[in-house]
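Down below is the structure, laid out as structure tokens.
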Amino acid sequence: MKIKVFVTPKKNVLDPQGVAVGHALESLGLGGLKGTRVGKVVELEIEGADSPQFRAQLDKLCRDLLSNPVIEDYHYEIAGG
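This is the structure in structure tokens:
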């Protein structure tokens, strides 16, 4: 199964990289930009099936390793499970 984990700064956390990208986009002519957030995507390919136990393990990995829960949120998409 294929999993994409999306990690982004929490809404109330300053995102200087997002601000810089937003300014660059505006300087390149993009109008109407209301905000920009920069995060990361982690792609995993795992043998096995989707299950509540697997999702609990995946949530723990996302919380403990792939994100900083103090300043980041995460969500994931599972395909082929």
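Counting in our numbering, the sequence shown runs from 231 upward without gaps.
Yeah, the Cβ is synthetic: ideal placement off N, Cα and C, and Gly gets one too.
Out of Leu-258, Gln-287, Asn-242 and Gly-261, which one is the CA nearest neighbour of Arg-267?
Among Leu-258, Gln-287, Asn-242 and Gly-261, the Cα nearest to that of Arg-267 is on Asn-242.
Tell me, which residues are paired with His-305 by DSSP?
Answer is Phe-236, bridged to His-305.
Using a Cβ-Cβ cut-off of 6 Å (strictly less than) and excluding sequence neighbours within five positions of Lys-232, which residues of its own chain qualify?
Excluding sequence neighbours, Lys-232 sits near Glu-275, Ala-309 and Gly-310.
Just to confirm, are Ile-301 and Pro-239 a CB contact at a threshold of 9 Å?
Against a cut-off of 9 Å, the Cβ pair of Pro-239 and Ile-301 comes out as a contact.
CB-CB under 6 Å to Val-272, same chain, minus the five flanking residues each way: which ones, in chain order?
Taken in chain order, the residues that qualify are Val-235 and Leu-296.
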